[in-house]
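Quick note on numbering: the sequence shown equals residues -17 to 307 in the numbering used here.
We treat Cβ as the ideally placed atom computed from N, Cα and C, and that holds for glycine.
This structure is a prediction, so every number in the text was calculated from the model and none was measured.
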Amino acid sequence: TGKTGGSGGTGRSKKTGRSGRSALTALSQMTALSQAGQHFRHHFACQAVLPEIIGARGGEGVLREEVDAVDENGSVVEAPVGSKKASIPKDVRLPAFFIVMNSFCNTCAYILEYATFAIFFKQVHNWNNATFAGLTQMAGDVLGAIVMQVIPLVMNNDYDPDELGCFRRYCHYLLSKPYTLSITLSTWVLFNLGMVSPSLPVAITAQIFMGTTFVYSCKWSTDMNLYYSLGDSQVFLSLQVLCRNADAIGGSIAGVLATWLFSIDPAAPFIFGTGMACLIFIMYTLGFCSRLGFGADIERAEDMRSRRLGLTRVSAWKSDAKDSS
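Structure, rendered in structure tokens:
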């Protein structure tokens, strides 16, 4: 009996050790922002030049290569000198416009808040603790990275949407492309309104989640650009450059407007942000609803639309080319 108890204790200690190591591993992965949330890396330059495909469960990203044209004998065909494909296909320009407008709104709204939050809390709520104000400012960005890491672990993504109940199927399509950016735009409206709330806890909560919204919007706009590039690296880079230009323009406008609006009224920057986000939310959501409808996977909806209009959608993903060969 003594031996059995001893072995049981040893088994428990080993199990506890493994659990501790697993917890530390999960914590290190969660706090490593370069690996957080589906291998997400938030850096404007990386987003612009690295077309990276992310696994549905947060697996490692896979860099896609452009597919070379081959002849009947399998030899690579060199493109004629001077030939040039259109940067963005005509059929993708309207979705590209909506994604670019989202990027503009995302950066503009965030800079409006970032430039005025400290003086806003001091003048309106008489909150003089600069340290905690700074912590709340960065907390939302870190929270977004943590949530991206946690969600794939707790939510099962292996299911058929057509087999779900009505409510769960509705939630699935609401939380899928292209309406993920509708969610972030709607949260910009909600959190800007929260900032002008007379309640300090509500305003602080809104400030924290603004950072989370910004991080998620950056990621989801890149996901949308990846989808509409159809594996063509030149199209992807063109879409990313447009989004980065929209970021720059939105940030520049916000930098000029923030202090001027604040001098009129401390709540004016957030009221302006609410109106801007509301307008772009309506444009984006109605635009994609008229293009794809609601209640179908984006891939299926685009294929149905292409067949209806007599268009051909050709994917340039290297993996697709291998599967078809």
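By how many angstroms is the C-alpha of LEU167 removed from the C-alpha of CYS260? Here residue 260 refers to the residue found at position 278 when the sequence shown is read from its first residue. Here residue 167 refers to the residue found at position 185 when the sequence shown is read from its first residue. Taking the straight line from one Cα to the other gives about 7 Å.
So, for MET83: in the same chain, excluding its five sequence neighbours on each side, which residues have a beta-carbon less than 6 Å away from its beta-carbon? As a working note, residue 83 is residue 101 in the sequence shown. Cβ within range, chain order: ILE262.
Which residues in the same chain have their Cβ closer than 7 Å to the Cβ of LEU243, if we skip the five residues on either side of it in sequence? By 1-based counting over the sequence shown, the position of residue 243 is 261. Residues of the same chain with a CB within less than 7 Å of the CB of LEU243, apart from the 5 flanking positions on each side, are ALA250, PRO251 and PHE254 in chain order.
Does the separation of the CB atoms of PHE99 and LEU182 fall below 9 Å? For the purposes of this step, residue 99 is taken as the residue at position 117 of the sequence shown. For the purposes of this step, residue 182 is taken as the residue at position 200 of the sequence shown. Not in contact: PHE99 and LEU182 (Cβ atoms no closer than 9 Å).
Report the rounded CA-to-CA distance for GLY275 versus GLY257, giving the unit in angstroms. Walking along the sequence shown from the start, residue 275 turns up at place 293. Walking along the sequence shown from the start, residue 257 turns up at place 275. Straight-line spacing of the CA atoms in GLY275 and GLY257 works out to 25 Å.
Where do the ends of the alpha helix (DSSP H) carrying GLY176 lie? Mapped onto the sequence shown, residue 176 falls at position 194. Note, GLY176: alpha helix (DSSP H), 162 to 177.
At least three beta-carbon pairs within less than 8 Å, the stretch 226 to 239 to the stretch 204 to 216: Because the criterion of three Cβ pairs below 8 Å is not met, the stretch 226 to 239 and the stretch 204 to 216 do not touch.
CB-CB length for ALA91 against TRP170, believed under 8 Å: By 1-based counting over the sequence shown, the position of residue 91 is 109. By 1-based counting over the sequence shown, the position of residue 170 is 188. Yes, ALA91 and TRP170 are in contact; Cβ-Cβ is about 5 Å, under 8 Å.
What first and last residue would you give for the alpha helix (DSSP H) that runs through LEU243? Along the sequence shown, one-based indexing puts residue 243 at 261. Where LEU243 is concerned, the enclosing alpha helix (DSSP H) stretches over 215 to 246.
Give a yes or no on whether the C-beta atoms belonging to PHE86 and TYR266 are separated by under 9 Å. Residue numbering aside, residue 86 sits at position 104 when the sequence shown is read from its first letter. Residue numbering aside, residue 266 sits at position 284 when the sequence shown is read from its first letter. No Cβ-Cβ contact shorter than 9 Å links PHE86 with TYR266.
On the three-state DSSP scale, how would you describe ALA278? For the purposes of this step, residue 278 is taken as residue 296 along the sequence shown, with counting starting at 1. DSSP places ALA278 in coil when its eight states are reduced to three.
Assuming THR324 and GLN189 make a contact with CB atoms under 8 Å, what is their CB distance in whole Å? The chain is shown from -17 up to 307; residue 324 falls before or after that span and cannot be answered.
Among GLN105, MET120 and THR162, which one has its Cα closest to the Cα of CYS200? Along the sequence shown, one-based indexing puts residue 200 at 218. Per the Cα distances, THR162.
For MET177 versus GLU281, is the C-beta distance shorter than 9 Å? Numbered from 1 along the sequence shown, position 195 holds the residue referred to as residue 177. Numbered from 1 along the sequence shown, position 299 holds the residue referred to as residue 281. MET177 is not a Cβ neighbour of GLU281, given a cutoff of 9 Å.
In three-state terms, what does DSSP make of ILE262? One-based indexing of the sequence shown puts residue 262 at position 280. Of the three classes helix, strand and coil, the one that applies to ILE262 here is helix, per DSSP.
Assigned secondary structure, THR294 (DSSP; H/G/I helix, E/B strand, else coil): The sequence position of residue 294 within the sequence shown is 312, counting from 1. Coil.
Using DSSP with H/G/I as helix, E/B as strand and the rest coil, what is ASN110? Translated into positions along the sequence shown, residue 110 becomes position 128. Three-state DSSP puts ASN110 in coil, outside helix and strand.
Distance CB(LEU76)-CB(ARG289) smaller than 9 Å: Here residue 76 refers to the residue found at position 94 of the sequence shown. Here residue 289 refers to the residue found at position 307 of the sequence shown. ARG289 sits away from LEU76, with the two beta carbons spaced by 9 Å or more.
Just mark GLN222 as buried or exposed, buried being the case when its beta carbon has 16 or more other beta carbons within 10 Å. As a position in the sequence shown, residue 222 is number 240, starting the count at 1. Residue burial is scored here from C-beta neighbours: GLN222 has at least 16 other C-beta atoms within 10 angstroms and is therefore classed as buried.
Please classify ALA180: does DSSP put it in a helix, a strand, or coil? The sequence position of residue 180 within the sequence shown is 198, counting from 1. In the sequence under discussion, the amino acid at residue 180 is Pro, which differs from the Ala named in the question. Coil.
With DSSP collapsed to three states, give me the class of LYS159. The residue given as residue 159 occupies position 177 in the sequence shown. Coil, per DSSP.
State the DSSP-derived secondary structure class of ILE70, mapped to helix, strand or coil. Against the sequence shown, residue 70 aligns to sequence position 88. ILE70 falls in the coil class under three-state DSSP.
If you run the structure through DSSP and keep just helix, strand and coil, what is LEU212? On the sequence shown, position 230 is the one that residue 212 refers to. The answer is coil: DSSP assigns LEU212 none of H, G, I, E or B.
Going straight from the alpha carbon of VAL238 to that of MET286, what length do you get? Position 256 of the sequence shown, counted from the first residue, corresponds to residue 238. Position 304 of the sequence shown, counted from the first residue, corresponds to residue 286. Computed Cα separation, rounded: 44 Å.
Best match in VAL296, VAL184 and LYS159 for proximity to ALA278 [C-alpha to C-alpha]: Your numbering for residue 278 matches position 296 in the sequence shown. The option with the nearest alpha carbon to ALA278 is LYS159.
Let me check understanding here. Comparing Cα to Cα, which of THR195, ASN207, HIS107 and CYS148 lies closest to ILE70? The residue labelled residue 70 in the question sits at position 88 within the sequence shown. Of the candidates THR195, ASN207, HIS107 and CYS148, the one whose C-alpha sits nearest the C-alpha of ILE70 is ASN207.
In whole angstroms, what separates the C-alpha of ARG295 from that of GLU284? Within the sequence shown, residue 295 is the residue found at index 313, counting from 1. Within the sequence shown, residue 284 is the residue found at index 302, counting from 1. Answer to the nearest angstrom: the Cα atoms are 9 Å apart.
Taking the C-alpha atoms as reference points, what is the distance between ALA18 and CYS271? Counting from 1 along the sequence shown, the entry for residue 18 is found at position 36. Counting from 1 along the sequence shown, the entry for residue 271 is found at position 289. Caution applies to ALA18, whose pLDDT of 38 falls short of 50 and renders its modelled position unreliable; the value that the coordinates give is listed next. Near 31 Å, if we compare the C-alpha coordinates of CYS271 and ALA18.
Whole angstroms is fine: what's the gap from HIS21's alpha carbon to VAL184's? Against the sequence shown, residue 21 aligns to sequence position 39. Against the sequence shown, residue 184 aligns to sequence position 202. Confidence in HIS21 is poor, its pLDDT being 41 and thus under 50, which makes the residue's placement too unreliable to answer from.
With a cut-off of 8 Å on the beta carbons, I'd call ALA97 and THR241 a contact; round off their distance for me. Here residue 97 corresponds to residue number 115 of the sequence shown, with the count starting at 1. Here residue 241 corresponds to residue number 259 of the sequence shown, with the count starting at 1. So it is a contact: roughly 7 Å between Cβ atoms.
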